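Read through the structure below, which is laid out as structure tokens, and then see the notes.
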Ligand code: ADP
């Protein structure tokens, strides 16, 4: 089966700086694919090229089998977009926002109105149908933006940081809805800074940095490929001194970050037994996760 979204050798520069640098991607029907990377990695620029909103300097992309940006208008008839910032119309009610958006796709009002009850139910906004946008909470606005992206019954949905700024309850509700969409066979491409979100939602992920994909695969594959299976975090004022003396003895790899030492190990038992006898130190023993992979691949320094 042909990929729903495909990129080959995509490149884009701004002011002589290459922000997307030879990107290859193939995303298949029904997949939830996550694009991860620190700020400035080139994720949004990649999404914009895949949507055909901007032209690459080199390389090719197809969306639902159509070349973009050349046939972007045609392709986007079956595409939904949840942008990073909610851009709902504040003068309109919840239902009116859906109606107005549907018209951009050339849909008849009667056709849109027939879809509105289901869209509101999907977004848990049925009781807010006639509420004006400024009266909605952040989570409600985000759900309305998601409902709006579904007005044209898209096959593919692009989501740029869909849960940034939401509280845990609101994030969990969005996750349920996104899972429901993939179960319906829709293809999702999302960016996120939340590694737990990526681990939960995405079938496959690509980690980007400096415009390139540096690792790609299922969350489990990325963890197995890149990192030791167990992590012991050691905390306390003396953790730095402890790391100097014992880090290399007990851990395959360790990293000091402030007063925390992250020890990456195949077998945590010898280290845990040792730490139990160190009264000045606290520790947390846990399985390795996607955040460990992300920090290993992209580093701990702040970006932008
Ligand atoms: P990310 O989404 O991963 O944070 P972006 O794709 O937004 O990264 O940005 C990648 C780099 O490209 C950044 O350094 C950003 O400042 C730059 N950039 C993005 N869009 C433009 C633009 N329209 N003009 C100039 N520079 C841009």
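Numbering (my numbering), first residue to last: 504 to 807.
Heads up, the beta-carbon is just placed ideally off N, CA and C, and yes, glycines get one too.
Bear in mind that the values here come from a model prediction, so they are computed numbers and not experimental data.
If you ignore the 5 residues before and after residue 575, its C-beta comes within less than 6 Å of the C-beta of 555, all in its own chain and listed in chain order. Put simply, the backbone Cα of residue 617 is about 58 Å away from that of residue 785. By the beta-carbon neighbour count (other beta carbons within 10 angstroms, threshold 16), residue 605 is buried. Taking each of 791, 507, 519, 674 in turn and checking the Cα distance to residue 641, the smallest one comes out for 674. The beta carbon of residue 757 lies closer than 8 Å to those of 746, 750, 751, 764, 765, 766, 767 in the same chain, with the five residues before and after it left out.
Closest option to residue 773, judged by alpha-carbon separation, among 703, 788, 759, 762: 788.
Taking 8 Å as the cut-off, the beta carbon of residue 552 is found no closer than this to the beta carbon of residue 522. For residue 759, the closest of 631, 802, 793 by C-alpha to C-alpha distance is 802. Residue 698 is positioned such that its CB atom lies closer than 8 Å to that of residue 793. With at least 16 other beta carbons inside 10 angstroms of its own, residue 541 counts as buried.
At a Cβ-Cβ threshold of 8 Å, residue 513 and residue 559 count as neighbours. Taking 8 Å as the cut-off, the beta carbon of residue 693 is found closer than this to the beta carbon of residue 665. Annotated as proximal: residue 739 and residue 783, with beta-carbon spacing under 8 Å. Residue 596 has 635 as its beta-bridge partners, per DSSP. For the pair of segments examined, the stretch 595-610 was found not to touch the stretch 530-547: the number of CB pairs separated by less than 8 Å stays below three. Residue environment analysis places residue 655 among the buried positions, since at least 16 neighbouring C-beta atoms fall within 10 angstroms of its C-beta.
Around residue 667, the same chain offers no residue with a beta carbon nearer than 6 Å, after the five sequence neighbours per side are excluded. In the displayed model, residue 608 falls within coil according to three-state DSSP, outside both helix and strand.
Burial state of residue 779 is exposed, judged by a 10 Å Cβ sphere holding fewer than 16 other Cβ atoms.
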